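Novice: Please read through the structure below; I'll follow up with questions.
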Amino acid sequence: MPLNIVVGTQWGDEGKGKIVDYLASSADCVVRFNGGNNAGHTVVINGQKHAFHILPSGAVSGKKSVIANGTVIDPAVLLGEIKTLRETNPDFELYISDRAHVILPYHKLMDGVMDDAKGKLGAGTTRRGIGPAYADKMNRIGVRICDLLDEESLREKIAFNLKIKRKVFQELGIKEVPSAEQVTREYAAYGHELAGHVTETVILLNDLLKAGATVLGEGAHGMHLDIDHGIYPFNTSSNIVAGNVNCGAGIPVKNVNRIIGTVKAYTTRVGTGPVPTELDNEIGQLLREKGGEYGTTTHRPRRCGWLDLVLVKHSNLLNGLTGLAVTKLDVLAGLDEIKVCTHYEHPEKGRLEIIPADMRVFARCRPVYRSFESWSVSAIENLEEKTGNGFQALPVEMQEYLRFIESETGVPVEFVSYGADRKATIRL
Ligand code: IMP
Ligand code: MG
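At the far end of the sequence shown sits residue 427, using numbering that gives the first Met the number 0, and the numbering has no gaps.
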């Protein structure tokens, strides 16, 4: 009755979608337990790109897909993704928690305006309404998927929300707010369309586990965007740590078997806040272009830099990782030198091994690096033909890089990914 979980160890976009897709082949069910359509996962199968924001990336592999209670759902976006996936995968199975919260038009209106109003404390959100939807959940005025199926209750909740938010809209200069009746009608119609997928997913997931099925928890984002443990306030509004499968999907922690942390071979960040290893130079630009580092959701250029093992070690502390999946190693091929940050130096506090709570302290942290030789571009061409030999088939420089990541984090590397396609992945 195992539950395996994949989480991002950095700031998201580590290539989780690909690793989830890979692991989904031996799972019966894939579940999303946090976040919403602020996430973006790209899966490439036989050269065809699939980008998902709210559907679990495992959905392409035809496994049972669950969007659990800990997520926030924009129904129009979800319906769009269902339609797209149906074209290539007509009978994929989707289950949506009746307890998941709904992103409403007023959340989206508030998100960007609020983020701008925060000035330098804004996170540079994806403007998908994530923060305001989670805020309503915590304030116990949220609208849940079950409410979409009960038009009377929906009308009442939306009317209340619009009434109490009116002052905030005025203050933020938001004028074009749809009427309560408009929102109710539109969302009740979404409820009608989604109804066939809506269920008590807690029971479904626990029954599956009891019957001996393998469930894969697909974490969205990366650990350092976690609402409790991330770089507050430049983070997202959900819990990203693996333990959130308990709250976010209702699966007891005793079921957890493996926790795989995805590590991109370098660092990227889309959004604001300090990034100690950021390279504001031609190497950063090269990583961005070669790695295609533009947001899947917002298409913003990602800030790029050297691998920061402080992020990864901090993630391991919180997630208790059983294995690492190191991705995008192809992007570092052919560089003269590769650097890895092992810890920070702060002018007053000295050596720091984890990210401090205070962002003013974090902003003054300087990365301390170890240098490595890179592997050549030709050394990783057609690597999949040689990978029957496992680790030994990898270029020696890459072996050294991976061994260093293992020795610093204390976590074995289980997956190595050196290209976007499903084939360019080896399991050690
Ligand atoms: P929000 O989640 O849209 O509220 O955005 C909050 C912060 O998290 C912003 O800096 C976003 O760019 C960042 N963020 C949210 N989701 C992701 C993700 O999946 N990958 C990378 N960054 C993300
Ligand atoms: Mg992403």
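Virtual Cβ for every residue (Gly too), placed ideally from N, Cα, C. Here the structure is a predicted model, which means the values were calculated and not measured.
Along the chain, which unbroken stretches of the alpha helix (DSSP H) at least 4 residues long are found entirely within the segment 285 to 353?
Specialist: List check, alpha helix (DSSP H) in window: 308 to 318.
Novice: Would you kindly work out how many angstroms separate the C-alpha atoms of GLN181 and HIS106, rounded to a whole number?
Specialist: Residue 181 sits at position 182 when you count from the first residue of the sequence shown. Residue 106 sits at position 107 when you count from the first residue of the sequence shown. If I take the Cα positions, the gap works out to 15 Å.
Novice: Measure the C-alpha to C-alpha separation of VAL19 and GLU217 and round it to an integer number of angstroms.
Specialist: Position 20 of the sequence shown holds residue 19. Position 218 of the sequence shown holds residue 217. In a straight line, the C-alpha of VAL19 is about 7 Å away from that of GLU217.
Novice: Between ARG421 and ASN234, what straight-line distance do the alpha-carbon atoms span, to the nearest angstrom?
Specialist: Counting from 1 along the sequence shown, the entry for residue 421 is found at position 422. Counting from 1 along the sequence shown, the entry for residue 234 is found at position 235. Distance between the alpha carbons of ARG421 and ASN234: 30 Å.
Novice: Can you find a heavy atom of ligand 2 that lies under 8 Å from the Cβ of HIS40?
Specialist: Taking the first residue of the sequence shown as 1, we reach residue 40 at position 41. Result yes, Cβ under 8 Å from ligand 2.
Novice: Just to confirm my understanding: we take VAL201, look at its own chain, exclude 5 residues before and 5 after, and list those with CB closer than 6 Å. What are they?
Specialist: In the sequence shown, the residue the question calls residue 201 occupies position 202. Cβ neighbours of VAL201 beyond the five flanking positions: GLY249.
Novice: Any heavy atom of ligand 1 closer than 8 Å to the beta-carbon of SER440?
Specialist: Nothing about residue 440 can be reported from this structure: the residues present for the chain run from 0 to 427 only.
Novice: According to the Cβ coordinates, are SER375 and GLY333 closer than 9 Å?
Specialist: The residue labelled residue 375 in the question sits at position 376 within the sequence shown. The residue labelled residue 333 in the question sits at position 334 within the sequence shown. Contact: yes.
Novice: Suppose the cutoff is 7 Å on Cβ atoms and the five residues either side in sequence are ignored; what does the same chain contact list for THR271 look like?
Specialist: Taking the first residue of the sequence shown as position 1, residue 271 is located at position 272. Around THR271: GLY121, ALA122, GLY123, PHE233.
Novice: Helix, strand or coil for THR200 per DSSP?
Specialist: Here residue 200 refers to the residue found at position 201 of the sequence shown. Looking at THR200 - three-state DSSP - the assignment turns out to be helix.
Novice: In terms of alpha-carbon separation, which member of CYS364, ARG268, LYS327 lies closest to PRO275?
Specialist: Counted from its first residue, the sequence shown places residue 275 at position 276. Closest option to PRO275, Cα to Cα, is CYS364.
Novice: Answer with buried or exposed for ARG301, where buried requires no fewer than 16 other C-beta atoms within 10 angstroms of its C-beta.
Specialist: As a working note, residue 301 is residue 302 in the sequence shown. Buried.
Novice: Restricting to runs no shorter than 3 residues, where is the beta strand (DSSP E) found entirely within the segment 357 to 390?
Specialist: Those beta strand (DSSP E) runs which fall completely within the segment 357 to 390 and span 3+ residues are 365 to 371.
Novice: Check whether the segment 251 to 269 touches the segment 344 to 359, taking contact to mean three or more Cβ pairs, one atom from each stretch, closer than 8 Å.
Specialist: No, because fewer than three Cβ pairs between the segment 251 to 269 and the segment 344 to 359 fall closer than 8 Å, the two stretches do not touch.
Novice: Where does ILE259 sit, in a helix, a strand or coil, going by DSSP?
Specialist: Translated into the one-based positions of the sequence shown, residue 259 becomes position 260. Strand, per DSSP.
Novice: Could you tell me the distance, in whole angstroms, from the CA atom of ASP27 to the CA atom of PHE361?
Specialist: To locate residue 27, count along the sequence shown from 1; it is residue 28. To locate residue 361, count along the sequence shown from 1; it is residue 362. Straight-line Cα distance between these residues: approximately 42 Å.
Novice: Taking the C-alpha atoms as reference points, what is the distance between VAL29 and GLU413?
Specialist: Taking the sequence shown and counting its residues from 1, the one referred to as residue 29 is at position 30. Taking the sequence shown and counting its residues from 1, the one referred to as residue 413 is at position 414. Computed Cα separation, rounded: 20 Å.
Novice: Who are the near neighbours of PRO273 in its chain, counting only those whose CB is closer than 6 Å to its CB and skipping five residues on each side?
Specialist: Taking the sequence shown and counting its residues from 1, one reaches residue 273 at position 274. Contacts found: PHE361, ALA362.
Novice: Determine whether the Cβ of LEU401 lies closer than 9 Å to any Cβ atom of chain D.
Specialist: Among the protein chains of the structure shown there is no chain D, as only one such chain exists.
Novice: Can you check which of these residues, ASP114, GLY14, TYR94, GLU384, is closest to VAL197 by C-alpha distance?
Specialist: For the purposes of this step, residue 197 is identified with residue 198 of the sequence shown, where counting begins at 1. Nearest C-alpha to VAL197: TYR94.
Novice: Who pairs with ILE66 in a beta bridge, going by DSSP?
Specialist: For the purposes of this step, residue 66 is identified with residue 67 of the sequence shown, where counting begins at 1. DSSP output for ILE66 lists ARG31, ILE95 as bridge partner(s).
Novice: Going by other Cβ atoms of all chains shown within 10 Å of its Cβ, with 16 needed for buried, is VAL252 buried or exposed?
Specialist: Mapped onto the sequence shown, residue 252 falls at position 253. Under this definition VAL252 is an exposed residue.
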